[in-house]
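Student: UniProt numbering puts the sequence shown at residues 1 to 235.
Where a beta carbon is used, it is the ideal one built from N, C-alpha and C, also for glycine.
The structure's right below; bear with me while I get my questions together.
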Amino acid sequence: MNAAPNPWIDPSYVVDNWDTILSYTTQHVRLTVLAVVIGSLLALPMALVARRSRWFSGPVLGLSTLVYTIPSLAMFAFIAPFTGLSETTVLVGLVLYSLVVLVRNFLAGLQSVPADVVEAARGMGYGRGRLLLRVELPLALPSFVAGIRIATVSTVALVTVGVIVGQGGLGQLIVGGFNANFYRAPIVAGAVGCVVLALLLDAVVALVGRLATPWTRTTSRRRAGRRAATAGSAA
Numbered sequence: 001m002n003a004a005p006n007p008w009i010d011p012s013y014v015v016d017n018w019d020t021i022l023s024y025t026t027q028h029v030r031l032t033v034l035a036v037v038i039g040s041l042l043a044l045p046m047a048l049v050a051r052r053s054r055w056f057s058g059p060v061l062g063l064s065t066l067v068y069t070i071p072s073l074a075m076f077a078f079i080a081p082f083t084g085l086s087e088t089t090v091l092v093g094l095v096l097y098s099l100v101v102l103v104r105n106f107l108a109g110l111q112s113v114p115a116d117v118v119e120a121a122r123g124m125g126y127g128r129g130r131l132l133l134r135v136e137l138p139l140a141l142p143s144f145v146a147g148i149r150i151a152t153v154s155t156v157a158l159v160t161v162g163v164i165v166g167q168g169g170l171g172q173l174i175v176g177g178f179n180a181n182f183y184r185a186p187i188v189a190g191a192v193g194c195v196v197l198a199l200l201l202d203a204v205v206a207l208v209g210r211l212a213t214p215w216t217r218t219t220s221r222r223r224a225g226r227r228a229a230t231a232g233s234a235a
C-alpha cells in the first residue's frame, strides 16, 4: 500500500488553511514591526549616550552585544514568569535582540556627521536640541535606515523562535509540519512566507528611507555627473 502523498508544494493546503496562514502572518508582522519600532526608540538615546565618550560607548555596546548572546530559550525562560506565555514575552525578547544592530548603526550614523557641519551650525546659533533635530539626525538618517533594514530582516527570522511559547507567527506552521509526521506543505508555506515577508518589509523600509532622504539622491546624481564629465574630458 502506497503512502499518502506528501508534496513539498501543495496549493490546496494554502487554499484550505488560508485563514490560519493569514492569522499567523498578521501576528508575524505585528511582532516584527513593534519590535523594530520599540527597539529604535530605545536605541537612539543609547546611541546618544554612547557618543558622548568612550567611557559610555564601551558599556552600551557591550551590553547590547551581551544580550544578543543569550539563547532565545533562556531569554524566554527569564521573561515568561513576568509576562506569561504571551506575545509580550516574544516581543520583549525581540526588542532586546534588535538593540545590538540598531545601537551600532545609530551610533555610526551620529559619528559620521561631519565636524565642520556641526561647528557651522553652532556658529549660526543652533542650540544642542536644534542641532540634533535639524542637522545631526537628518545627516545620520541613511545609517539609521540601514540599521533598521538589517534589524527588520533579522527580526522576521527571530519571530519564528516564539513557537517556544506558542507565539511564533509563521513559525507555528513550520513546527506544526514537523509535528505532523513531517508534513511538508506547512513547512514550505511557513518558510516561504518568512522569506517573502522579510523581502517586503525590507523594501518598505528602504522606500520610506529613500523618501525621507531626498538629498542623498541629489548628491548621487551630482557625483554621477562629475564622474561622467571627468570621463568625457579624459577621452
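Take every Cβ of the region 153–165, pair it with every Cβ of the region 57–70, and state whether three or more of those distances are shorter than 8 Å.
Tutor: no
Student: Ordered along the chain, which non-local residues of its own chain (more than five positions away) have a Cβ less than 7 Å from that of T152?
Tutor: T32, V36, L201, D202 and V205
Student: Where does Q167 fall in DSSP's three states?
Tutor: coil
Student: Which first and last residues belong to the alpha helix (DSSP H) in which N6 is found?
Tutor: That residue, N6, is in no alpha helix (DSSP H); it is neither H nor E in DSSP.
Student: Keeping to the same chain, check which residues put their C-beta closer than 6 Å to that of V135; ignore five residues upstream and five downstream.
Tutor: A121
Student: Can you tell which of P142, G147, G177 and N181 has its C-alpha closest to the C-alpha of W215?
Tutor: P142
Student: Just to confirm my understanding: we take N6, look at its own chain, exclude 5 residues before and 5 after, and list those with CB closer than 7 Å. What are they?
Tutor: Y183 and R184
Student: Please state the DSSP three-state secondary structure of S86.
Tutor: coil
Student: Under 8 Å by Cβ, that's how I've got G93 and S72 pegged, so tell me the actual separation to the nearest angstrom.
Tutor: 6 Å
Student: Determine the burial state of V105: buried for a count of at least 16 other Cβ atoms within 10 Å of its Cβ, exposed for fewer.
Tutor: Going by the sequence as given, residue 105 is Asn instead of Val. N105 comes out buried.
Student: Should V188 and I9 be called a contact, given that it needs their Cβ atoms to be closer than 8 Å?
Tutor: yes
Student: Would you give the residue range spanned by the alpha helix (DSSP H) that T160 belongs to?
Tutor: Note, T160: premise wrong, no alpha helix (DSSP H); not H, not E.
Student: CA-CA distance, L173 and A191?
Tutor: Each residue's alpha carbon lies about 8 Å from the other.
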